[in-house]
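Quick note: full-length UniProt numbering has the sequence shown finishing at residue 245, numbered continuously throughout. Take a look at the structure below.
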Amino acid sequence: MKKLFILLFALVPALGFAAGGHFTLDKANNDIRDKESLQRGAQTYMNYCFACHSTQYQRYERVATDLDIPIDLMRENLMFDSEAVVGDLMVNNMPAEDAAKWFGVAPPDLTLTARVRGVDWLYTYLRSFYEDPSRPFGVNNVIFPSVGMPHVLQELQGVPKPVFETQVIDGQEQQVVVGVKADSTGELSQSEYDDTVRDLVNFLEYAGDPVQVERENLGIWVLLFLVLFTGVSYLLYKEYWRDIH
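Quick look at the structure:
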């Protein structure tokens, strides 16, 4: 299901990620080796994020190959530009200059977001939107106060209500939002929504470092070779110095 219309509202001046205050991040516990998770994450990303956020350092064909997605399915379900070919970079059709002129800033590319922010930050951020009528899009974020984008996954989660806690700040008691609790209007249960976000974060981690698994696998063989080489070198050393001593 291609839900691009949801993303057309995701542009505002403060769209770029900004740091929040002090907060405890939830653990994403994603698995970059889980290809089924990566496939689901790619689907969620293309349906809910891609209309505004490109991954311009990735190619459709590379994603399809790495995630074992047949090219035909990639074209049919994950390529929304009718003129794009599988070898193209994953860039959406929203002109950056026009977006900056219309909204003050162009939507950030998300290819390297997981590497810059970390997967735990992304996982917590996407689960920390809450209803706030004072904001332009009616939502705010626990770890990103005054967030400048809508909660594009709200139809999956439902309407997230803020959870308040009384805290003493500068000698005065204040109600502070410390969490969220979604109502029952979403398409997914809370655990299902958490899994969907985890898959999305998993895909973004892959997008930021697509050779991570290959590099780690190669690293194991390199270490084994070094251990073997060290052993052989030691035996040669012993043999060479045996007659001398």
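C-beta atoms are modelled at their ideal positions from N, C-alpha and C, and glycine is treated no differently. Please read these numbers as outputs of a predicted model, since none were measured by experiment.
Going by C-alpha positions, Asn92 is about 13 angstroms away from Thr111. Counting the other CB atoms within 10 Å of its CB gives Gln154 a total of 16 or more, which places it among the buried residues.
Here Arg115 has Gly208 as same chain residues with Cβ atoms under 6 angstroms from its own Cβ, once five neighbours each way along the sequence are excluded. Ranked by Cα distance from Thr65, the options Val211, Tyr125 and Gly231 are led by Val211. Distance check between Glu97 and each of Asp88, Pro107, Leu89 and Met90 places Pro107 closest, using alpha-carbon atoms only.
When secondary structure is reduced to three states using DSSP, Leu89 falls in the strand class. Comparing alpha-carbon positions, the option among Glu216, Thr196, Leu224 and Arg242 lying closest to Ala28 turns out to be Thr196. For the pair of segments examined, the stretch 164-175 was found not to touch the stretch 133-150: the number of CB pairs separated by less than 8 angstroms stays below three. By the CB criterion at 7 angstroms, Val180 and Tyr125 fall outside the cutoff. The three-state reading of DSSP puts Thr196 in helix, counting H, G and I together. Judged by DSSP secondary structure, Asn141 falls within the beta strand (DSSP E) whose first and last residues are Val139 to Asn141. Taking Lys35 as reference, the option from Pro150, Ala51, Asp68 and Thr185 with the minimal CA-CA separation is Asp68. Under the three-state reduction of DSSP output, Glu165 falls in the strand class.
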